[in-house]
Amino acid sequence: MSEGESLSLVLQINNPVGLHARPAALFVQTAGEFQANVQVRNITRGTPFVDAKSILGVMSIGVAQGHEIEIVASGEDAAEALQALKALAESNFGEGETETESKTESKG
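Numbered according to this note's numbering, the sequence shown spans residues 92 to 199.
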């Protein structure tokens with residue numbers, strides 16, 4: 092992946108509390124494990140992108156159950172970062188089984 096290329100992932104969040112408290116902390120912690128620049132926005136609410144490695148940023152976009160989010164990552168390990176965040180959401184943030192709809196697109 093080239094430095095300027097970014098990858099995008101759209102997910103529907105099915106966790107009953109959305110990205111609040113513990114799920115948001117896990118999301119930020121997972122994003123922080125990668126060198127990639129990772130941004131997230133709440134499509135449902137039409138929010139701007141925020142830093143996915145910032146707990147205040149992630150909490151500020153108000154993701155509730157059923158909301159769609161878009162995650163954009165760029166940098167050396169962007170694909171791995173998106174896969175890890177997708178797996179986290181698909182595991183319902185460790186709070187039980189759920190299906191999460193997703194699609195990945197290349198933005199270049």
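Note that beta-carbon positions come from the ideal geometry of N, C-alpha and C, so glycine has one too. All of these numbers come straight from a predicted model, not from anything done at the bench.
Residue i versus the options, residue with shortest Cα-Cα distance
i, options, result
"Ile160", "Asn105, Val131, Gln120", "Val131"
"Ile146", "Gln103, Gln126, Thr121, Ala164", "Thr121"
"Leu176", "His111, Met150, Glu167, Ala115", "Ala115"
Where residue i falls: helix, strand or coil (DSSP)
i, result
"Glu124", "coil"
"Ser182", "coil"
"Ser145", "coil"
"Leu100", "strand"
"Ala164", "strand"
Cβ neighbour criterion (16 or more within 10 Å) applied to residue i
i, result
"Gly157", "exposed"
"Ser97", "buried"
Beta-carbon separation (whole angstroms), residue i vs residue j, contact threshold 8 angstroms
i, j, result
"Gly153", "Asn133", "6 angstroms"
Three CB pairs or more closer than 8 angstroms across the region 178-187 and the region 131-140: no
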